[in-house]
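Student: Going from the sequence shown to our numbering is simple: count from 1 and add 371. We treat Cβ as the ideally placed atom computed from N, Cα and C, and that holds for glycine. Just dropping this structure here.
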Amino acid sequence: MCGIIGIAGTKPVTDRLLEGLKRLEYRGYDSAGIAVIEKNNHVSGLVRRRAKGKIRNLEERIELEPADGLFGIAHTRWATHGAPNEINAHPHFAGRVGLVHNGIIENFTSLRDELKHTRDFVTQTDTEVVAHLIDEAMKSGLSGKDAFAASLKKLTGAFALGVVIDGVDGQIFAARRGSPLAIGLGDGENYIGSDAIALASLTTRVIYLEEGDWAVVTTDNVEIFDLNDTPVKRDITIVTGSLAAAEKGNYRHFMLKEIYEQPETVSHTLTHYVDAFNHKIKTPSELELKDLDFAKIERLSLIACGTAAYAAYVAKYWFEQLAEMPVDVDIASEFRYRKPALIKNSVAMVVSQSGETADTLAALRYAQSKDLQTAALVNVMSSTMAREADFALPINAGPEIGVASTKAFTSQLTALLSLAICAGVQRGHISETYEQKLIASLTQMPRLIAETLTLDDDIEKLAHDLSKAKNAFYLGRGMHFPLALEGALKLKEISYIHAEGYAAGELKHGPIALIEEGTPVIVIAPTDELFEKTVSNMQEVSTRGAKVLLITDKEGARKAKGMANDILICPDVCVETAPIVYAITIQLLSYHAAVHLGTDVDQPRNLAKSVTVE
Ligand code: G6P
Numbered sequence: 372m373c374g375i376i377g378i379a380g381t382k383p384v385t386d387r388l389l390e391g392l393k394r395l396e397y398r399g400y401d402s403a404g405i406a407v408i409e410k411n412n413h414v415s416g417l418v419r420r421r422a423k424g425k426i427r428n429l430e431e432r433i434e435l436e437p438a439d440g441l442f443g444i445a446h447t448r449w450a451t452h453g454a455p456n457e458i459n460a461h462p463h464f465a466g467r468v469g470l471v472h473n474g475i476i477e478n479f480t481s482l483r484d485e486l487k488h489t490r491d492f493v494t495q496t497d498t499e500v501v502a503h504l505i506d507e508a509m510k511s512g513l514s515g516k517d518a519f520a521a522s523l524k525k526l527t528g529a530f531a532l533g534v535v536i537d538g539v540d541g542q543i544f545a546a547r548r549g550s551p552l553a554i555g556l557g558d559g560e561n562y563i564g565s566d567a568i569a570l571a572s573l574t575t576r577v578i579y580l581e582e583g584d585w586a587v588v589t590t591d592n593v594e595i596f597d598l599n600d601t602p603v604k605r606d607i608t609i610v611t612g613s614l615a616a617a618e619k620g621n622y623r624h625f626m627l628k629e630i631y632e633q634p635e636t637v638s639h640t641l642t643h644y645v646d647a648f649n650h651k652i653k654t655p656s657e658l659e660l661k662d663l664d665f666a667k668i669e670r671l672s673l674i675a676c677g678t679a680a681y682a683a684y685v686a687k688y689w690f691e692q693l694a695e696m697p698v699d700v701d702i703a704s705e706f707r708y709r710k711p712a713l714i715k716n717s718v719a720m721v722v723s724q725s726g727e728t729a730d731t732l733a734a735l736r737y738a739q740s741k742d743l744q745t746a747a748l749v750n751v752m753s754s755t756m757a758r759e760a761d762f763a764l765p766i767n768a769g770p771e772i773g774v775a776s777t778k779a780f781t782s783q784l785t786a787l788l789s790l791a792i793c794a795g796v797q798r799g800h801i802s803e804t805y806e807q808k809l810i811a812s813l814t815q816m817p818r819l820i821a822e823t824l825t826l827d828d829d830i831e832k833l834a835h836d837l838s839k840a841k842n843a844f845y846l847g848r849g850m851h852f853p854l855a856l857e858g859a860l861k862l863k864e865i866s867y868i869h870a871e872g873y874a875a876g877e878l879k880h881g882p883i884a885l886i887e888e889g890t891p892v893i894v895i896a897p898t899d900e901l902f903e904k905t906v907s908n909m910q911e912v913s914t915r916g917a918k919v920l921l922i923t924d925k926e927g928a929r930k931a932k933g934m935a936n937d938i939l940i941c942p943d944v945c946v947e948t949a950p951i952v953y954a955i956t957i958q959l960l961s962y963h964a965a966v967h968l969g970t971d972v973d974q975p976r977n978l979a980k981s982v983t984v985e
C-alpha cells in the first residue's frame, strides 16, 4: 500500500507534494521520492529526489539539493518487490518517463524479459518496467498520451499509476486498476492522489476514478477514459467534514471501504511473506522466526474467536494439504477448559485481528504455561498477544474500523496460506515448480479480488432478495465449508438475519428439515474435485423449495445451468487461493442486505470490535 500524489500546477509544487506525502505516510514509509519538471532559463528537464525511510529524510535531501517546478509526482513506498532502499524508491525513471506506482504488476518478469536486450534495468521493482514500456512506445513515435494508453494494455495486475514525461509539459497521466486513485480539481490547477486525505490541503472537489479508468490531467482540464479508451464523465464529490469522514472517501460505510481495500491489503500481507521478485516464499529466518522449524513441528494448534477462527479453519486445510502437518483448530473460549492433550513439538498459533481478545489471550497464556512454542498472527503488532507470544506475525491489513471483520479476514487467510506454503517447502512437500505456481497464484490475488469487486452491482440486487428472509443457509465443502460459516456469521452480525453455515454434505443430517419454500441457500462452490458433490447437495435443497444462489466460476455456471435460481460468476482462480477471492462475495452480500434493512452496518447492535472480557 503505497501513496501517490501529483500536481499539475501554476505555482511551485515541491512543498505541496511533501505536505501531501506526509498525509499519506500511513500508507507506507520505507522510502519516498518526488519527480518534478524543472524549468530554468526556458530549458525544462525531469529531476527527482529520493530517500530511504521517512519523509523527513526526503525533506532533508531536498533542503540540500533543491528541486522544484510546476508539474510533479510524489510517492511514499511500502516495498513489495525489492528491498526498501533508495534505488528501489519511486519515482522510477526510464528515458523521458518518470513514474510512481502503487500495487503489483504481475507480469513484470515477462515484460522485463521482452525489454532486457534494449533497456537497462537498475531496480528490483516490478514498477520500473512500466516506465520503460511507456518510453519505448514514445520512441516508436506515439504521443505521451497514446504511449501511456498502449502501455496500460500490456499490464496485468492491480495497480494505480502516476506519470510525468520530460518534454510533454503540462500533462500528468494517471490510471487506476485495483488500487485507489482520485483526481482533485483545483482553481487553475488539478491533482492526483491515492485518496482524498492526500488532497485535503489542496482541494475539496474530488473525482474518484472507477475501476479501469485512466486520465490526462492538466492545469485546466481533466480528461478521463474507461478501460476501452472511451472518454467518460465521472461524478465530482465534495469532500467535507472531519478527517474520519474523509477517510471513508466516497464510501457509505467503513465496512464497504474496507471491503474495497482488499486488493491493496492482501498485497500488503503478501509483501511480508513472499519474495515476489524471486518468486519464492520467504523462509522462517527471513520472516524473523529464528528457531521456528516447521520440519520439526508435529502438530499445529490454531486458536481464535469469531471470524479469525474461521480463517483458522480454512488454514487447517492448507497446512494439512500443502505441508502434511496435523492441525487442530480451537475456539479460544473452549481451548483451555477442554484441557487439551497437548504434545511436545507442537506450536500454538493464536489468530486475532486486535491481538487483545480476552479468550484468545487466555488461550495463548495457557499454551505458554504448558511449555508450547507460541505464535501470534495479528493485525496490531503492538498488541498484548504480539508482545507475549514467542513469535509475532503481522497481517498488515491496516486499521479495521468496521466491527464486522472483512479485510482482516482476507489478510489472515493470505498470511496463513503463505505460512502453510512456507511449512510445505520446509517439510519437503512442495517442489520448486509447485512453489512457483503457488507464488504466481498468490500474486494474482489482488487483481482477482479487484475483478470480484466488479460483481458488486449484481450482488446488491441479489442481496435485496436475501434481506427479505428470516433464515438463510450457507453451504460449502472442503475449505469452502469454513467460508460458509463465515458467510453466515457476516449476515447475522450486520443484518440480524438468522443464518447458519454447514458443510454441504451435513445438511441432510438434520438441518434440511428447516428448508421450506423460498428459504435462501447460498452455495459456495468453485469448480474443484468436490464440485459435483456440492451440486448434488444443492439439488437436495432445491427440490425442497430452497431459493438457491450458487457462487461459482464460469465452468461451474455452465455445469449447473438451470439448477440454481441465481448464479454469481467469480473469476477463475486456482483451488488454493479460491477461499480468499470468494470471501469478497459473501462480504458484499451481507453488506448490501444490511444496508437494505437499514441497520447500523459499522457498529452493529450488541457487538464490539475488540472483546476484552471472557
Ligand atoms: C469480536 C468481533 C468479531 C471478531 C472477534 C475476534 O467478536 O465482533 O468480528 O472476529 O471479536 O476478534 P479478534 O480481534 O481476536 O480477531
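What is the residue span of the beta strand (DSSP E) that residue 377 lies within?
Tutor: On the sequence shown, residue 377 is found 6 positions in, with the first residue counted as 1. First-last of the beta strand (DSSP E) with residue 377: 374 to 379.
Student: Got a sec? Which residues, its chain only, sit under 7 Å from residue 558 by beta carbon, not counting five neighbours each side?
Tutor: Numbered from 1 along the sequence shown, position 187 holds the residue referred to as residue 558. Cβ within range, chain order: n/a, list empty.
Student: Counting only runs of 4+ residues fully inside the segment 623 to 690, write out the alpha helix (DSSP H) ranges in chain order.
Tutor: The segment 623 to 690 contains these whole alpha helix (DSSP H) runs: 625 to 631, 633 to 644.
Student: Taking residue 463 as the reference, give the member of 478, 444, 570 with the closest Cα.
Tutor: The residue you call residue 463 lines up with position 92 of the sequence shown. The shortest Cα separation from residue 463 among 478, 444, 570 belongs to 444.
Student: Assuming residue 872 and residue 856 are in contact, meaning their beta carbons sit under 8 Å apart, how far apart are those beta carbons, in whole angstroms?
Tutor: As a first step, residue 872 is located in the sequence shown; it is residue number 501 there, counting from the start. As a first step, residue 856 is located in the sequence shown; it is residue number 485 there, counting from the start. Correct: roughly 4 Å between the Cβ atoms.
Student: How far does the beta strand (DSSP E) with residue 701 in it reach, from first residue to last?
Tutor: Taking the sequence shown and counting its residues from 1, the one referred to as residue 701 is at position 330. From DSSP, the beta strand (DSSP E) with residue 701 extends over 698 to 702.
Student: Of the choices 436, 383, 654, 631, whose alpha-carbon is the least far from that of residue 776?
Tutor: Taking the first residue of the sequence shown as position 1, residue 776 is located at position 405. It is 631.
Student: Would you mind reading off the limits of the alpha helix (DSSP H) that contains residue 865?
Tutor: Within the sequence shown, numbered from 1, the residue matching residue 865 stands at position 494. Taken as a continuous stretch (DSSP letters only), the alpha helix (DSSP H) holding residue 865 covers 851 to 866.
Student: Are there 16 or more other CB atoms within 10 angstroms of the CB of residue 384, so buried, or fewer, so exposed?
Tutor: For the purposes of this step, residue 384 is taken as residue 13 along the sequence shown, with counting starting at 1. Its Cβ being crowded by 16 or more others within 10 Å, residue 384 is buried.
Student: For the putative contact between residue 689 and residue 791, defined by C-beta atoms under 8 Å, what is the C-beta separation to the nearest angstrom?
Tutor: Translated into the one-based positions of the sequence shown, residue 689 becomes position 318. Translated into the one-based positions of the sequence shown, residue 791 becomes position 420. Yes, residue 689 and residue 791 are in contact; Cβ-Cβ is about 4 Å, under 8 Å.
Student: Buried or exposed: where does residue 628 fall if 16 or more other Cβ atoms within 10 Å of its Cβ makes it buried?
Tutor: In the sequence shown, residue 628 corresponds to position 257, counting from 1. Under this definition residue 628 is a buried residue.
Student: Quick check: the segment 885 to 897 against the segment 697 to 715, are at least 3 beta-carbon pairs closer than 8 Å?
Tutor: Taking 8 Å as the limit for Cβ pairs, the verdict is that the segment 885 to 897 does not touch the segment 697 to 715.
Student: For residue 615, which three-state DSSP category applies?
Tutor: Your numbering for residue 615 matches position 244 in the sequence shown. Only weak support is given to the placement of residue 615: the predicted model assigns it a pLDDT of 43, under 50, and the value that follows is read from those uncertain coordinates. Residue 615 falls in the helix class under three-state DSSP.
Student: Quick one: what's residue 812 bridged to in DSSP?
Tutor: To locate residue 812, count along the sequence shown from 1; it is residue 441. Paired residues: none, contrary to the question.
Student: How about residue 636: is its Cβ closer than 7 Å to a heavy atom in the ligand G6P?
Tutor: The count along the sequence shown starts at 1 and reaches residue 636 at position 265. Checking the Cβ of residue 636 against the ligand G6P gives no.
Student: Is the segment 830 to 848 close to the segment 953 to 964, with three or more CB pairs under 8 Å?
Tutor: Yes: the two stretches touch, three or more of their Cβ pairs being nearer than 8 Å.
Student: What is the DSSP secondary structure of residue 871, counted as helix, strand or coil?
Tutor: Walking along the sequence shown from the start, residue 871 turns up at place 500. The answer is strand: DSSP assigns residue 871 an E or B state.
Student: With respect to the beta strand (DSSP E) encompassing residue 962, which residues constitute its N-terminal and C-terminal limits?
Tutor: Here residue 962 is taken as the residue at index 591 of the sequence shown, counted from 1. Careful: residue 962 lies outside any beta strand (DSSP E), inside the alpha helix (DSSP H) at 949 to 968.
Student: Under the criterion of a Cβ to heavy atom distance below 7 Å, does residue 704 qualify as lining the ligand G6P?
Tutor: For the purposes of this step, residue 704 is taken as the residue at position 333 of the sequence shown. Residue 704 Cβ: outside cutoff for every heavy atom of the ligand G6P.
Student: Under the three-state reduction of DSSP, which class applies to residue 735: helix, strand or coil?
Tutor: Taking the sequence shown and counting its residues from 1, the one referred to as residue 735 is at position 364. Here residue 735 sits in helix by DSSP.
Student: Classify residue 400 as buried or exposed, calling it buried when 16 or more other Cβ atoms lie within 10 Å of its own Cβ.
Tutor: Mapped onto the sequence shown, residue 400 falls at position 29. Classification for residue 400: buried.
Student: Smallest Cα separation from residue 565: which of 911, 918, 375, 928?
Tutor: Indexing the sequence shown from 1 puts residue 565 at position 194. For residue 565, the nearest C-alpha among the options comes from 375.
Student: Go ahead and label residue 514 buried or exposed: buried means 16 or more other beta carbons lie within 10 angstroms of its beta carbon, across all protein chains shown.
Tutor: Position 143 of the sequence shown holds residue 514. Residue 514 should be labelled exposed.
Student: Leaving out five residues on either side along the sequence, give the residues of the same chain with a beta carbon under 6 Å from the beta carbon of residue 646.
Tutor: Here residue 646 refers to the residue found at position 275 of the sequence shown. Taken in chain order, the residues that qualify are 653.
Student: Run through the DSSP bridge pairs and tell me what residue 886 is partnered with.
Tutor: Numbered from its first residue, the sequence shown carries residue 886 at position 515. Bridge partners of residue 886: none, in fact.
Student: Let me know if residue 711 comes out buried or exposed under the rule of 16 or more other beta-carbons within 10 Å of its beta-carbon.
Tutor: Counted from its first residue, the sequence shown places residue 711 at position 340. Buried: at least 16 other Cβ atoms inside 10 Å.
Student: Mind pulling the beta strand (DSSP E) runs of 3 or more residues that sit fully within the segment 551 to 593?
Tutor: With a minimum length of 3 residues, the continuous beta strand (DSSP E) runs that stay inside the segment 551 to 593 are 553 to 556, 561 to 564, 576 to 579, 585 to 588.
Student: Which of helix, strand or coil does DSSP assign to residue 481?
Tutor: For the purposes of this step, residue 481 is identified with residue 110 of the sequence shown, where counting begins at 1. Three-state DSSP puts residue 481 in a helix.
Student: Can you give the Cα-Cα distance for residue 450 and residue 641, rounded to whole angstroms?
Tutor: Counting from 1 along the sequence shown, the entry for residue 450 is found at position 79. Counting from 1 along the sequence shown, the entry for residue 641 is found at position 270. Each residue's Cα considered, the two are about 11 Å apart.
Student: Ordered along the chain, which non-local residues of its own chain (more than five positions away) have a Cβ less than 8 Å from that of residue 356?
Tutor: The requested residue 356 is not part of the displayed model; the chain covers only 372 to 985.
Student: Heavy atom of the ligand G6P less than 7 Å from the Cβ of residue 776, yes or no?
Tutor: Here residue 776 is taken as the residue at index 405 of the sequence shown, counted from 1. Residue 776: yes, Cβ under 7 Å from the ligand G6P.
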